[in-house]
Amino acid sequence: MKVKKDWLDQLSQIELPKSYFVAGQYAESKHTYPITNPATAEFMVNMSACDEQEVNQAVEFARTVFKSGVWSNLAPRERKQKLKKLAELIRENAEELALLETLNVGKPIQDSLNVDIPGAASCFEWYAESIDKIYDEIAPTSNDQLAMIRREPMGVVAAIVPWNFPLDLASWKLAPALATGNCVVLKPAEQSPFTALKLAQLAKQAGIPDGVLQVLTGLGHITGQALGRHPDIDCLVFTGSTETAKKFLVYSAESNMKPVWPETGGKSANIIFADADLDQALDKAIFGAFYNQGEVCSANSRILLEHSISQQFIEKFIEKAKNIKIGHPLDPNTQMGCLIDRQHADNVRHAIEQAKVQGAKDYVIPLNLDEDLDPTTYIAPTVLTGVTPEFRIFHQEVFGPVVSITTFETQEEAIELANNSIYGLAASIWTKDIQKAIILSKQLLVGTVSINTVDALDVSTPFGGYKQSGYGRDLSLHAIDKFTQLKTTWIQL
Ligand code: NAD
0 MKVKKDWLDQ LSQIELPKSY FVAGQYAESK HTYPITNPAT AEFMVNMSAC DEQEVNQAVE
60 FARTVFKSGV WSNLAPRERK QKLKKLAELI RENAEELALL ETLNVGKPIQ DSLNVDIPGA
120 ASCFEWYAES IDKIYDEIAP TSNDQLAMIR REPMGVVAAI VPWNFPLDLA SWKLAPALAT
180 GNCVVLKPAE QSPFTALKLA QLAKQAGIPD GVLQVLTGLG HITGQALGRH PDIDCLVFTG
240 STETAKKFLV YSAESNMKPV WPETGGKSAN IIFADADLDQ ALDKAIFGAF YNQGEVCSAN
300 SRILLEHSIS QQFIEKFIEK AKNIKIGHPL DPNTQMGCLI DRQHADNVRH AIEQAKVQGA
360 KDYVIPLNLD EDLDPTTYIA PTVLTGVTPE FRIFHQEVFG PVVSITTFET QEEAIELANN
420 SIYGLAASIW TKDIQKAIIL SKQLLVGTVS INTVDALDVS TPFGGYKQSG YGRDLSLHAI
480 DKFTQLKTTW IQL
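Structure follows, in structure tokens:
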């Protein structure tokens, strides 16, 4: 296994990307913005920041390429071969991609290497394998008519993604969009463009034609807004905050009414009943709250505990949280890295302080950081107890390693607490009574219910939310609906 020094050596041998990717090549924008390493506060690069004109050029090129049919008219089997090749190249370049991901966002290198990068490769492979197995339809019309219902690609798709799982979430959009024959303009979050830029090069190497995948780096309110308002984009898929998603809905309404598919925030409840396997529930509750520094849209950031087990559970939970190894993201022993940037970490600290002012009791695990790390972006796992729906933290998506604990007495109360949120992304139920779990799962207003686990997720199952967690669905064959439109061709015989 590579140790921190090996990763630092590898870093000294690679050139960090700083150009955006348009028409099959890297290009320097007229504008730039600085990217620093969130773990160490070291400056890394001045990254290209595309302006409206650069966005327009990329969209125009995407349109030309789409119309040319070099990708959209390929037989699905041919697109499959190229996307499978891309998956293979992601695996071959896994170490470099993992390093780039960790440098940008401060997540542990072991997570980038073993979860994020293989996940992206599998996603491309899965959609590649699917696409030549999907059939169109013939409608049940009368015998002298033939009505064909075909799926056609949308055309030029914009994909806007956040920084918490940069390559994975980009792949969730790109794989089905490309498999169905679209041209995609991807805008990574300003904090985390490295892996998307490397992916563009790998896509070219895989034989995907120039202009089919372009990566525009830049700031949300400039590059993102220009894509959102562009009159020649046919569909926009978005993952990020609820607040930004609402802006994209306005951009669409004020431009060409492009469909906007939002995947947004969450405040997921982890409901633990007294009859659960508490050892398993404890381990998974730690994972659900603190994995990826808690920067997970479906993080189980509200633990709802049946009152009779609450004291015992909380004590054990804090003991387990103390064992999480916080450290340098490039150290393979690190289990929790830093937050994305100082501003976000300050917001998280502020949310904790506010909860304390409202009366929450907090347990913060002490931080012992090495000197080469920036303490302003690190936050230790924080457990807030005594939280009720009157607390702001009960409702607010904190997006950090902060979990609030609320107790309940009855099943009805548990469901009411869980559903008391503007969000509805995910929830977990822990009980050995599977009948109870299934009945309750139907009452939860969320996109995914995990029973006796947390945050269950697979490329084969749809992922998305109810309420203000958005209404798009990523993953599974259902994602194909976003990237295709139905055409009826009716023949009178
Ligand atoms: P964000 O909304 O700030 O940014 C997301 C993207 O939108 C970025 O690429 C950003 O540059 C762009 N953007 C920001 N402001 C913009 C504007 N005014 N106009 C156009 N584009 C703009 O979100 P974030 O902070 O990067 O990510 C965290 C959020 O993402 C959390 O709310 C989290 O719950 C959510 N998220 C949701 C899912 C899901 O699948 N539901 C998955 C991961 C993250």
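Be aware that the sequence shown starts at 0, since it is given in numbering that gives the first Met the number 0, and climbs by one per residue.
All C-beta atoms in this analysis are idealised placements derived from N, C-alpha and C, irrespective of residue type, glycine included.
Bear in mind the structure is a predicted one, so any value in this text is a computation, not a measurement.
Would you report the Cα separation of residue i and residue j, rounded to the nearest angstrom?
i	j	result
A127	K83	6 angstroms
I285	F316	7 angstroms
K29	P365	45 angstroms
I89	K186	19 angstroms
I148	A86	31 angstroms
R76	F407	53 angstroms
G105	D115	13 angstroms
F272	D278	13 angstroms
P192	I438	43 angstroms
Q190	I479	28 angstroms
W260	K246	12 angstroms
E411	A417	10 angstroms
A93	P117	8 angstroms
N367	Q292	16 angstroms
N255	C234	10 angstroms
D143	L492	5 angstroms
V453	S141	50 angstroms
F462	K355	33 angstroms
T333	Q80	37 angstroms
K431	L304	15 angstroms
Looking at C-alpha atoms only, which residue of the options is the closest neighbour of residue i?
i	options	result
W429	V363, G217, A268	A268
A455	K355, T483, A425, N113	A425
T375	Y19, N36, S18	N36
A298	V69, V448, Q410	V448
D373	A354, R341, K79	R341
V401	E94, A48, A320	A320
I404	A26, F312, L235	F312
L485	V44, L166, I339, D135	D135
S111	A436, M46, P165, A169	P165
T101	P380, C337, I13	C337
L212	G287, H306, A158	A158
S71	T179, N55, I137	T179
S240	K266, S170, E253, D457	K266
M0	V184, I221, N113	N113
L495	D276, I302, L15	Nothing about residue 495 can be read from this structure; the chain reaches only from 0 to 492.
K435	D274, K257, I351	D274
For residue i versus residue j, is the C-beta distance shorter than 8 angstroms?
i	j	result
T483	E151	yes
P388	N346	no
I232	V58	yes
V386	I392	yes
N181	V156	yes
R78	I130	yes
V382	D369	no
A26	T487	no
Q395	I414	no
With residue i and residue j assumed to form a contact (beta carbons below 8 angstroms), what rounded beta-carbon distance in angstroms separates them?
i	j	result
S468	T243	Actually they do not touch by this definition, with Cβ atoms about 13 angstroms apart.
G471	G446	Wrong, their Cβ atoms sit about 10 angstroms apart, outside the cutoff.
V21	F60	7 angstroms
F237	A174	Not confirmed; about 16 angstroms, so no contact.
M46	Y32	6 angstroms
I494	L329	One cannot answer for residue 494 here, as it falls past the ends of the chain, which runs 0 to 492.
Does the Cβ of residue i lie closer than 7 angstroms to at least one heavy atom of the ligand SAH?
i	result
T216	Among the ligands present in this structure, namely the ligand NAD, the ligand SAH is not found.
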